[in-house]
Amino acid sequence: MIFRIVVDDIFNPSRKCAYVVRTPDKVSAESVLRVGSLLSNNTISKRYAFVYEHDVYAPGVHGYRNIESGKPYDLLEILGMAWSVEIGYLPGMTDNVGNSAAQIIRDFLGIEGVTVRTSENFFSKEEPDHTIRNYNPLVQYCKLVHMKAEGVFEVEFLGNRSVEAINRSIANPIRTPHPIPLVMAPDVADKWGEDVRSVDLHVSDEELEKIGKHGINGCGPLNLSLEAMHAIRAYFDGENRLPNDIELETLAQTWSEHCKHNIFSAQIDEIKEGLYRRYIKRATSDINSPICVSTFSDNAGAIIFDDDFLIVDKVETHNSPSALDPFGGAETGILGVNRDIIGFGMGAKPIMNSYYFCFADNLEQKLYRDRECLEEILPPQKIADGVIRGVNSGGNCSGIPTAIGASYFDNRFCGKPLVFVGSIGIIPRTVCGLPAHVKTAQDGDYIVVIGGRVGRDGIHGATFSSHALEEGVGTTVVQVGSPITQKKMSDAIIKQARDLGLYNSITDNGAGGLSSSIGEMGARGFSVELDKVP
């Protein structure tokens with residue numbers, strides 16, 4: 001069964017939030033209305049409930065019917081509007097509001113298998129303009145509906161190629177504003193399958209360079225240089241075998257610019273030890289302050305605060321994801337540094353966030369990432385608005401204040417903003433009688449993963465972040481974080497599991513997923529059943 005709940009936005013009369021709910025079994029009209037009440041504030045916001053049925057408009061013409069009036073979908077008539085714009089996440093993208101709503105509905109109805117997709121909806125009497133520009137085709141679709149007369153509609157889908165392909169199945173004008181009840185654009189195929197594959201690297205340098213840049217059979221970028229590919233081939237020649245796909249992916253993650261900082265570590269002219277060792281690491285070693293407890297060895301650094309506590313700090317960049325999806329990229333960034341605090345030592349508590357942004361001031365002409373001028377760079381104002389909302393959302397939904405920050409504007413940042421996000425935490429100096437900043441996985445330990453499901457980018461978070469933004473960047477490289485899931489995880493770790501001594505070592509999954517986290521903690525070897533990872 002599919003039904004649709006539309007709720008007023010009390011702060012913006014022209015905006016409404018729509019919840020499309022799918023349940024495995026039929027639900028009574030009374031239960032649907034009750035769900036609508038749960039998803040809205042009955043005292044100050046209106047809600048409208050519609051159920052998807054067959055033959056609503058005519059035999060063979062399906063659509064939504066107003067539960068209370070019994071009429072076919074009549075929200076445009078109720079509001080006295082002629083146009084509507086629906087903006088929602090693409091299939092495969094995380095919908096945090098939808099996931100929270102689904103949990104509420106599952107608890108209320110007492111059934112499993114409930115899914116919810118949410119969307120923003122705008123209504124107007126005239127053809128909309130500015131609202132259409134607010135969507136990001138990388139992660140969202142846009143549906144434009146024009147009611148030409150009572151019961152006569154024109155519907156157009158805007159977005160990536162898969163979304164716009166829906167238009168070929170619509171013969172405008174049509175009788176229903178919802179030719180499909182739920183946007184189910186063709187999803188990305190599972191290119192991996194279940195079998196581990198060997199990869200033959202005994203090919204031409206041109207083909208080797210192609211594999212190093214674009215990945216194995218289009219499964220995602222490796223961003224390995226030709227020199228790196230030669231080194232990998234030579235190593236496995238010494239082992240008298242071909243590398244497996246997962247081994248190549250793991251090496252690409254470990255050697256990525258995002259994780260290894262090859263540029264900072266490389267020899268540059270007369271600086272043989274590289275910029276990182278000369279100017280960053282050596283400065284800390286030379287000062288050798290007694291308050292420095294942990295530096296360059298964990299997810300974050302820590303200094304002594306007083307006799308009882310350590311202060312933990314972490315800052316990192318999230319530039320490439322924020323250039324493509326400003327909100328999702330920035331939110332994922334701030335959630336990532338929060339996890340670094342939680343993953344420090346035996347687990348620190350994040351207490352404050354920080355930021356520093358570098359944006360373009362304005363963009364007088366359109367700029368593109370590709371030679372064909374098809375992939376337009378997002379306007380600076382849109383990037384700035386999305387990044388600010390993302391950092392705010394990540395902190396606020398996690399109960400962590402964003403206390404300090406700054407912004408810098410220069411038009412040279414129009415192609416790629418700099419998004420620095422930071423987090424500060426606190427941890428007792430000892431946990432269960434042992435130094436809290438020390439952790440060691442023990443032989444025989446089980447590997448336990450908690451948090452959200454693995455995104456479609458999988459192991460490619462690090463290799464994508466190390467990749468130049470150019471033509472052909474896929475639509476699955478930006479995953480949306482889940483601050484509410486992370487808040488639950490943080491509370492369980494900091495408030496219970498840590499002080500009960502339930503684990504020996506902890507770290508966050510980072511840009512390379514299990515390759516990062518388990519590889520760091522299990523340096524002496526480990527066994528992972530990847531088919532059990534959700």
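Quick note on full-length UniProt numbering: the sequence shown kicks off at 1 and runs consecutively.
The C-beta atom is built at its ideal place from N, Cα and C for all residues, glycine as well.
Beta-carbon separation (whole angstroms), residue i vs residue j, contact threshold 8 Å
i	j	result
Y89	P177	No, Y89 and P177 are not in contact; Cβ-Cβ is about 20 Å, not under 8 Å.
F108	Y52	Contact doesn't hold; Cβ gap of about 20 Å is too wide.
D253	S517	Just to set this straight, residue 253 is Gln in the shown sequence, not Asp. Their Cβ separation, rounded to whole angstroms, is 11 Å, which puts Q253 and S517 out of contact at 8 Å.
V116	Y19	6 Å
V504	T440	A small fix is needed here, since residue 504 is Asn in this sequence, not Val. Confirmed, Cβ separation roughly 6 Å.
G386	I334	So it is not a contact: roughly 13 Å between Cβ atoms.
G390	G452	The pair is not a contact, with the Cβ atoms about 16 Å apart (cut-off 8 Å).
G422	K314	6 Å
V196	I246	6 Å
I426	K349	6 Å
I341	A300	6 Å
Y235	V183	That belief does not hold up - the Cβ atoms of Y235 and V183 are roughly 46 Å apart, past 8 Å.
S407	F359	7 Å
I132	L158	7 Å
S322	P417	6 Å
Given residue i as reference, the closest of the options once Cα atoms are compared
i	options	result
K210	N504, R197 and A228	A228
T250	H230, E156, L367 and L224	L224
V6	F50, S28, S256 and R34	F50
K532	I246, V315, V449 and G512	V449
K148	S297, K314 and G80	G80
L201	C219, P221, V163 and L242	L242
V199	N244, D205 and L158	N244
T430	T118, W255, D306 and Y48	D306
N411	T402, A384, I484 and P428	A384
L367	V85, P380 and N134	P380
S320	I311, E364, S490 and A511	A511
E364	L378, S354 and N353	L378
Y135	I303, G238, S100 and P326	P326
S398	F420, T485 and P435	T485
D205	L226, K213 and I216	L226
V438	S28, D370 and D298	D298
Opposing strand residues paired with residue i [DSSP bridges]
i	result
N96	Its beta-bridge partners do not exist; DSSP assigns none.
T284	Answer is none; T284 lacks a bridge partner.
C414	DSSP output for C414 lists no bridge partner at all.
S198	N244
P428	F309
F359	F409
P144	Note that residue 144 is Leu in the sequence shown here, rather than Pro. V85 and E156, per the DSSP bridge assignment.
V419	F357
Y64	Y52
Y368	E376
T402	N353
T317	F420
G301	D313
V21	F3 and V116
DSSP-derived helix/strand/coil call for residue i
i	result
R15	strand
L158	strand
S84	strand
S517	helix
L208	helix
T507	coil
G474	Low local confidence applies: a pLDDT of 45 at G474 is under 50, so the model's placement there is unreliable, with the coordinate-based value given in what follows. Reduced to three states, the DSSP call for G474 is coil.
D55	strand
D8	strand
N338	helix
P534	coil
A102	helix
F296	coil
A384	helix
I2	strand
S169	helix
E529	coil
Contacting residues, own chain, Cβ-Cβ under 7 Å from residue i (five flanking each side not counted)
i	result
A179	Reading the sequence as shown, one finds Pro at residue 179 and not Ala. These residues qualify, in order along the chain: V155 and I170.
Cut-off 8 Å between Cβ atoms - residues of its own chain near residue i, not counting five sequence neighbours on either side
i	result
S14	F122, F123 and S124
H230	L208
H261	Y276
D25	M1 and I111
E529	none
S527	none
Same chain, Cβ closer than 6 Å to residue i, five either side skipped, listed in chain order
i	result
residue 574	In the structure as shown, the chain starts at 1 and stops at 534, and residue 574 therefore has no counterpart that could be examined.
E273	none
V35	I105
V114	T23, A102, I105 and R106
residue 535	Past the boundaries of the shown model lies residue 535; the chain is included only from 1 to 534, so the question cannot be answered.
Beta carbon proximity, residue i to chain C, threshold 8 Å
i	result
I87	No chain C is present in this structure, which holds just one protein chain.
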